[in-house]
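Q:
Numbering (the working numbering), first residue to last: 20 to 168.
1) Does the beta-carbon of residue 71 have 16 or more other beta-carbons within 10 angstroms, so that it is buried, or is it exposed?
2) If you run the structure through DSSP and keep just helix, strand and coil, what is residue 105?
3) Does the beta-carbon distance from residue 145 to residue 137 come in below 8 Å?
4) What three-state label does DSSP hand residue 66 in the structure shown?
5) Buried or exposed, going by whether 16 or more other CB atoms sit within 10 Å of the CB of residue 115?
6) Hey, how far is the Cα of residue 89 from the Cα of residue 64?
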């Protein structure tokens with residue numbers, strides 16, 4: 020994360036929900052804030068500058084992670100000759116995976132990935148992928164990342 024001078028550390032930054040990087044430190048920046056692309060007014064949250072920067076990084080990193088995950092799964096499907104089924108599988112995932120339709124899912128501090136299904140199924144999927152000479156760097160990183168909590 021970029022270093023912030025002590026002088027700037029006390030300033031607040033306006034952060035819109037639809038675009039966490041929108042906003043700035045002064046009145047000029049507030050006037051230049053872009054409208055919510057979905058229409059209407061985006062909520063405005065005042066946070067310290069460091070929190071606004073961190074929010075922007077969290078937002079963009081999560082979007083990149085989600086895109087990368089589905090790109091990896093698309094590659095797996097193609098290697099399995101299931102390219103024609105990808106959109107159907109992703110549509111079912113959008114409707115059935117709680118993390119896709121419940122914005123709070125996974126954001127509470129409940130510790131590492133656990134339970135009777137998630138770790139077991141991820142490990143089984145990774146084992147199957149290895150046996151098929153397939154790779155998923157994102158899924159491989161889950162075990163290490165979850166254990167770091």
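Each residue gets a CB set at the ideal place from its N, CA and C atoms; glycine is no exception.
A: Reading it off the structure:
1) buried
2) Residue state for residue 105 is assigned as helix, using DSSP reduced to three classes.
3) The Cβ-Cβ distance between residue 145 and residue 137 does not fall below 8 Å.
4) Correct three-state label for residue 66: strand.
5) Around the beta carbon of residue 115, a 10 Å sphere encloses fewer than 16 other beta carbons of the protein chains shown; the residue is thus reported as exposed.
6) 31 Å
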